[in-house]
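Asks: One structure, pasted below without further comment.
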Amino acid sequence: MQHKLVRLNALLAKEISVVINNKINDPRLSNTIISVHKVETTPNLSQSFVYVSIISDSQDHGLILEILNDAAGFIRTILSKSKVISSCPTILFREEKDMETNTRLSNIFDSIKKSQTNSSNSK
16 MQHKLVRLNA LLAKEISVVI NNKINDPRLS NTIISVHKVE TTPNLSQSFV YVSIISDSQD
76 HGLILEILND AAGFIRTILS KSKVISSCPT ILFREEKDME TNTRLSNIFD SIKKSQTNSS
136 NSK
């Protein structure tokens with residue numbers, strides 16, 4: 016059973032990340048980068064806790080988590096319809112508190128922004 020949970024968590028992390036980045040069109044999430052770090056599913060497969068890092072111009076991460084939790088039903092519906100997961104657990108979003116990871120991601124995204132700015136200025 017443990018091996019099944021590990022595979023399910025990896026699959027959920029990948030698929031939830033794709034849905035967040037490609038299917039959710041909430042204007043409040045513009046200028047926001049959301050990265051799924053890990054998923055922890057309960058042993059009875061009823062709930063999955065999705066840990067995300069949030070990088071945003073607005074520093075209200077609580078609002079962004081609320082938006083994600085409000086969209087959890089939509090995400091669950093898409094995952095169920097995609098036939099990737101036969102029975103999708105209830106999804107609950109939580110913010111990843113690992114500051115080292117958040118800092119590293121923020122630095123990477125800042126360097127990407129700078130390179131995009133430099134390349135658009137040179138055209």
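Just remember that the numbering used here sits 15 ahead of the position in the sequence shown, which is counted from 1. Backbone N, C-alpha and C define an ideal beta-carbon position, used for all residues, glycine too.
1. Assign E111 to one of three DSSP states: helix, strand, or coil.
2. Roughly how many whole angstroms lie between the Cα atoms of T105 and T57?
3. Q17 bridges to which residues according to DSSP?
4. Applying the 10 Å Cβ sphere with the 16-neighbour rule, what's the burial state of F124?
5. When DSSP labels each residue in this structure, what does V34 get in the three-state scheme?
6. Tell me S50's beta-bridge partners as DSSP assigns them.
7. Measure from the alpha carbon of L27 to the alpha carbon of each residue in L44, Y66 and D41, then state which is nearest.
Replies: Taking the geometry as given:
1. Numbered from 1 along the sequence shown, position 96 holds the residue referred to as residue 111. In the structure shown, E111 adopts coil according to DSSP, grouped into three states.
2. By 1-based counting over the sequence shown, the position of residue 105 is 90. By 1-based counting over the sequence shown, the position of residue 57 is 42. Roughly 10 Å separates the two Cα atoms.
3. For the purposes of this step, residue 17 is identified with residue 2 of the sequence shown, where counting begins at 1. The partner list for Q17 (beta bridge, DSSP) is empty, contrary to what the question assumes.
4. Taking the sequence shown and counting its residues from 1, the one referred to as residue 124 is at position 109. Looking at its Cβ environment, which holds fewer than 16 other Cβ atoms inside 10 Å, F124 is exposed.
5. Along the sequence shown, read from residue 1 onward, the residue named residue 34 stands at position 19. Residue state for V34 is assigned as helix, using DSSP reduced to three classes.
6. Your numbering for residue 50 matches position 35 in the sequence shown. S50 has S68 as its beta-bridge partners, per DSSP.
7. Stepping through the sequence shown from its first residue, residue 27 is reached at position 12. Looking from the CA of L27, the closest CA among L44, Y66 and D41 belongs to Y66.
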